[in-house]
Amino acid sequence: MFFAIALLGFGVEHFVFQEFITGRAPGWPSGLAGKMLWADASGICVALTGVAIVARRWGRQATLCLGLVVFVWAVLRHLPIVAGDAFLGGSWTRAGKALTMVGGSFAMAGTFAPIPGESAGGWRRYANATEPFVRFGGICLGCFLIIAGLQHFKFTSLVVSLIPSWFPGDATWWARFAGVALIAGGVGLLFRRSAVLAGLMTGSMIFSWFWIVHLPRMFTSVSDGIAVFEALAFSGIALVVAGALSKVRQSGQVPTGN
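Under the numbering used here, the sequence shown is numbered contiguously, ending at residue 258.
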């Protein structure tokens, strides 16, 4: 539900900002026609994916398509920008968020009933994967969390500026603590043994930031308006990964249905 609500928010923001918001894809190529059509059409598709998750109908198909679109339009286009940027620069954040949305979409797909068909072979054999999709989502999120955690130390002053003035304790200490927590959670998601606990802990932590940091800043800037839904989506991804992998441990398979 967290992921679905975030997709509905992203879909609306496609119309508001007239850009492909999901995964913070690079801006529309200058001189190329069709920007408004692409922003609106993709916004509708993103929002409909959220509806499919809520309705629990066509959820696997919708989330797989979303993951592929974000991979092609955001992740691949981010790569040359990241290559030309400084180590842990701002483009790393945007690329990491795009990768997380791809992995998260596939993780969600893995929790839905298989795509029906007369034969389990062919393309359905891969599209109906369960645990591999969930693990992929956890690994993508884990990689982004490690990057974000390291950036907390490189850009500490920026992180401090995001912490509300009413929050108790030293803001610099909290910024560094959050960096350590992000790195620990990210590393934990990379390994099967620790992925369940890491997903549960990081999902809960990011959800607390949704309320404490992102929601109050929602209308501060365009970036903050996008970040509030990203926090909700990433929290949902982490919790789904934790829950699905926990069921794998208990029963040996991810049960069909959400």
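Backbone N, C-alpha and C fix where the C-beta goes; we use that ideal spot for every residue, glycine too.
Is the beta carbon of residue i sitting closer than 7 Å to the one on residue j?
| i | j | result |
| --- | --- | --- |
| Ala196 | Leu215 | The question names Ala, but residue 196 is Val in the sequence shown. It is not a contact, given that the beta carbons lie outside the stated cut-off. |
| Leu99 | Cys140 | yes |
| Ile206 | Ser235 | yes |
| Val46 | Leu7 | yes |
| Gly104 | Ile237 | yes |
| Gly260 | Leu145 | What is shown of the chain runs 1 to 258, which leaves residue 260 out entirely. |
| Ala92 | Ile21 | Looking at the sequence provided, one finds Trp at residue 92 rather than Ala. It is not a contact, given that the beta carbons lie outside the stated cut-off. |
| Leu189 | Leu150 | no |
| Gln61 | Ala39 | no |
| Val69 | Val134 | no |
| Thr49 | Ala244 | no |
| Arg124 | Gly117 | yes |
| Val160 | Ala171 | yes |
| Ile183 | Trp174 | no |
| Val248 | Glu131 | yes |
| Gly59 | Val102 | no |
Assuming residue i contacts residue j (C-beta within less than 8 Å), just tell me the rounded distance between them.
| i | j | result |
| --- | --- | --- |
| Arg94 | Arg24 | 4 Å |
| Gly43 | His78 | Their Cβ separation, rounded to whole angstroms, is 20 Å, which puts Gly43 and His78 out of contact at 8 Å. |
| Ala107 | Phe136 | 7 Å |
| Phe3 | Ala233 | 5 Å |
| Gly138 | Gly199 | 6 Å |
| Pro26 | Ile81 | 6 Å |
| Thr63 | Ala109 | 4 Å |
| Thr202 | Arg176 | Not a contact, Cβ separation roughly 17 Å. |
Tell me where the alpha helix (DSSP H) around residue i begins and ends.
| i | result |
| --- | --- |
| Gly103 | Gly90 to Ala109 |
| Ala4 | Phe2 to Phe17 |
| Phe177 | Ala171 to Leu190 |
| Gln49 | Per the sequence shown, the amino acid found at residue 49 is Thr instead of Gln. Note, Thr49: alpha helix (DSSP H), Lys35 to Ala55. |
| Ala83 | Leu76 to Ala83 |
| Ala148 | Glu131 to Lys154 |
| Gly243 | Val222 to Ser251 |
| Val72 | Per DSSP, Val72 belongs to no alpha helix (DSSP H) and is neither H nor E. |
| Ala127 | Trp123 to Ala127 |
Return yes when at least one heavy atom of the ligand ADP lies under 6 Å from the C-beta of residue i, else no.
| i | result |
| --- | --- |
| Leu88 | With respect to the ligand ADP, the structure shown offers nothing to examine, as it has no ligands at all. |
Next item on the list: Examine the Cβ distances between the region 47-67 and the region 26-35 and report whether three or more of them are shorter than 8 Å.
Entry: no
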